[in-house]
Amino acid sequence: MNSDSLRDLLEGVRSGRVDVESAAGRLAQLPFLETAQTRIDTHRALRQGIPEVVYGGEKTVEQIVEASLALRRAAQDVLVTRVEAGKAEGVRERLPEIEYDPVSRLLWIGSNEVPLQGKGTILVVSAGSADLPVAAEAVGVAQRLGNKVELLQDVGVAGLHRLLASLDLLRSARVLIVVAGMEGALPSVVGGLVDKPIIAVPTSVGYGASLGGITALLGMLTSCASNVTAVNIDNGFGAAHVATLINRL
Numbered sequence: 133m134n135s136d137s138l139r140d141l142l143e144g145v146r147s148g149r150v151d152v153e154s155a156a157g158r159l160a161q162l163p164f165l166e167t168a169q170t171r172i173d174t175h176r177a178l179r180q181g182i183p184e185v186v187y188g189g190e191k192t193v194e195q196i197v198e199a200s201l202a203l204r205r206a207a208q209d210v211l212v213t214r215v216e217a218g219k220a221e222g223v224r225e226r227l228p229e230i231e232y233d234p235v236s237r238l239l240w241i242g243s244n245e246v247p248l249q250g251k252g253t254i255l256v257v258s259a260g261s262a263d264l265p266v267a268a269e270a271v272g273v274a275q276r277l278g279n280k281v282e283l284l285q286d287v288g289v290a291g292l293h294r295l296l297a298s299l300d301l302l303r304s305a306r307v308l309i310v311v312a313g314m315e316g317a318l319p320s321v322v323g324g325l326v327d328k329p330i331i332a333v334p335t336s337v338g339y340g341a342s343l344g345g346i347t348a349l350l351g352m353l354t355s356c357a358s359n360v361t362a363v364n365i366d367n368g369f370g371a372a373h374v375a376t377l378i379n380r381l
């Protein structure tokens with residue numbers, strides 16, 4: 133339930149379109165639905181503006197299916213992150229209507245045409261093709277949360293001319309998500325070119341001294357570009373969530 137659906141329910145009661153008992157039954161689902169293994173937060177969109185998204189990384193097929201069915205019973209769309217292909221196939225055997233993207237590792241049940249709520253474009257900038265899974269997660273989540281999203285990929289600092297060739301695109305975005313591994317320099321470069329907020333996403337891509345993304349994370353946290361802020365390593369979802377909130381302001 134979100135603020136719009138709550139207002140619609142209350143208006144329905146006031147106009148007589150919805151009887152009190154039916155309304156009470158719907159409100160009884162707040163703030164969560166309890167299943168055998170989960171408590172689904174059906175109140176989150178009302179509190180935070182964005183509904184609950186299921187993290188699928190360490191969950192079993194059964195847990196993902198259970199959570200998805202609970203969300204559908206609450207008339208909510210289903211978005212599950214970090215689902216590997218084998219697990220996704222198991223989920224699809226139980227829920228044939230679910231969509232799966234193997235690059236972003238996202239599962240989705242809902243409309244293919246999500247109404248736009250963002251005021252501008254979120255641009256996801258990816259340093260290299262090895263960073264694409266994290267960038268694709270950011271793109272997919274941002275789209276499902278009602279944003280216009282564009283992807284600019286393979287523009288890392290080792291070939292800076294590739295980035296500069298897209299300067300107009302960079303400057304036209306309202307919020308930018310910049311995804312990079314190795315030493316994590318790309319967000320600082322982009323931050324020096326635009327007057328918009330940059331959400332930097334370090335990835336675990338890189339050789340030994342990259343320390344699984346810690347080097348990139350520390351570089352982003354200590355960026356000299358003051359419009360750069362950072363999320364956790366490989367956290368494309370978190371970047372898309374924050375970018376969505378900014379894009380709605």
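Under the working numbering, think of the first position of the sequence shown as 133, with each following residue one higher. All C-beta atoms, glycine included, are put in the ideal place defined by N, C-alpha and C.
For this session: Check residue 140 in the structure and name its three-state DSSP category.
Result: The residue you call residue 140 lines up with position 8 of the sequence shown. Looking at residue 140 - three-state DSSP - the assignment turns out to be helix.
Problem set entry | DSSP three-state assignment for residue 311, whether helix, strand or coil | For the purposes of this step, residue 311 is taken as residue 179 along the sequence shown, with counting starting at 1. Reduced to three states, the DSSP call for residue 311 is strand.
For this session: Compute the Euclidean distance between the alpha carbons of residue 382 and residue 205, then round it to the nearest angstrom.
Result: Within the shown structure, residues of the chain are numbered from 133 to 381, placing residue 382 beyond reach of any answer.
Problem set entry | Bridge partner(s) assigned by DSSP for residue 253 | Taking the first residue of the sequence shown as 1, we reach residue 253 at position 121. Residue 253 is bridged to 280.
Exercise. Nearest to residue 327 by CA position, among 305, 155, 245, is which residue?
Worked result: Walking along the sequence shown from the start, residue 327 turns up at place 195. Per the Cα distances, 305.
Exercise. For the 8 Å Cβ check, are there 3 or more pairs between the stretch 265-275 and the stretch 289-305?
Worked result: no
Problem set entry | Segments assigned alpha helix (DSSP H), at least 4 residues, entirely inside the stretch 139-226 | 152-159, 176-180, 193-205, 217-226
Exercise. Which residues bound the beta strand (DSSP E) around residue 263?
Worked result: Residue numbering aside, residue 263 sits at position 131 when the sequence shown is read from its first letter. Counting along the chain, residue 263 falls outside any beta strand (DSSP E), and DSSP gives it neither H nor E.
For this session: Taking only the alpha-carbon atoms, compute the straight-line gap between residue 359 and residue 225 and give it to the nearest angstrom.
Result: Against the sequence shown, residue 359 aligns to sequence position 227. Against the sequence shown, residue 225 aligns to sequence position 93. Rounded to the nearest angstrom, the two C-alpha atoms are 45 Å apart.
Exercise. Apart from the five residues just before and just after residue 256, which ones in its own chain have a Cβ nearer than 6 Å to its Cβ?
Worked result: Counting from one through the sequence shown, the residue named residue 256 turns up at place 124. Only 267, 270, 271, 283, 309 meet the Cβ criterion.
For this session: Can you have a look at residue 152 and say buried or exposed, based on whether 16 or more other CB atoms are within 10 angstroms of its CB?
Result: The sequence position of residue 152 within the sequence shown is 20, counting from 1. With fewer than 16 other Cβ atoms within 10 Å, it is exposed.
Exercise. By how many angstroms is the C-alpha of residue 250 removed from the C-alpha of residue 238?
Worked result: As a first step, residue 238 must be located in the sequence shown, where it is residue number 106. As a first step, residue 250 must be located in the sequence shown, where it is residue number 118. Each residue's alpha carbon lies about 21 Å from the other.
For this session: Take residue 287 and list the residues in its own chain whose beta-carbon comes closer than 8 Å to its own, dropping the five residues that flank it on each side.
Result: By one-based count along the sequence shown, residue 287 stands at place 155. Only 257, 258, 259, 294, 295, 298, 318 meet the Cβ criterion.
Exercise. Which residues does DSSP pair with residue 233 in a beta bridge?
Worked result: Within the sequence shown, residue 233 is the residue found at index 101, counting from 1. DSSP lists 238 as partners of residue 233.
For this session: Rounded to whole angstroms, what's the CA-CA distance from residue 347 to residue 179? Just pull it up for me.
Result: Numbered from its first residue, the sequence shown carries residue 347 at position 215. Numbered from its first residue, the sequence shown carries residue 179 at position 47. Cα to Cα, residue 347 sits roughly 35 Å from residue 179.
Exercise. Is residue 172 close to chain D, meaning its C-beta is less than 9 Å from at least one C-beta of that chain?
Worked result: Structure shown: chain D not included; a single protein chain is present.
Problem set entry | In DSSP terms, what residue 330 is bridged to | Here the question's residue 330 lines up with position 198 in the sequence shown. Its beta-bridge partners are 308, 360.
For this session: Could you tell me which residues DSSP pairs with residue 285 in its beta bridges?
Result: The residue you call residue 285 lines up with position 153 of the sequence shown. Paired residues: 258.
Exercise. Just to confirm, does residue 177 get its C-beta within under 8 Å of one of the non-hydrogen atoms of the ligand MN?
Worked result: This structure simply doesn't include the ligand MN, nor any ligand for that matter.
Exercise. Going by the CB atoms, is the gap between residue 142 and residue 156 shorter than 9 Å?
Worked result: Position 24 of the sequence shown, counted from the first residue, corresponds to residue 156. Position 10 of the sequence shown, counted from the first residue, corresponds to residue 142. Contact: no.
Problem set entry | Whole-angstrom distance between residue 164 and residue 330, CA atom to CA atom | Position 198 of the sequence shown, counted from the start, is the residue given in the question as residue 330. Position 32 of the sequence shown, counted from the start, is the residue given in the question as residue 164. C-alpha separation (whole angstroms): 34 Å.
Exercise. For residue 334 versus residue 316, is the C-beta distance shorter than 9 Å?
Worked result: As a position in the sequence shown, residue 334 is number 202, starting the count at 1. As a position in the sequence shown, residue 316 is number 184, starting the count at 1. For residue 334 and residue 316, yes; Cβs fall inside 9 Å.
Problem set entry | Cα-Cα separation between residue 369 and residue 252, rounded to whole angstroms | The count along the sequence shown starts at 1 and reaches residue 369 at position 237. The count along the sequence shown starts at 1 and reaches residue 252 at position 120. Cα to Cα, residue 369 sits roughly 19 Å from residue 252.
Exercise. Since residue 280 and residue 325 are thought to touch, with beta carbons under 8 Å apart, how far apart are those beta carbons, to the nearest angstrom?
Worked result: Taking the first residue of the sequence shown as 1, we reach residue 280 at position 148. Taking the first residue of the sequence shown as 1, we reach residue 325 at position 193. Actually they are not in contact, since the Cβ atoms of residue 280 and residue 325 sit about 21 Å apart, beyond 8 Å.
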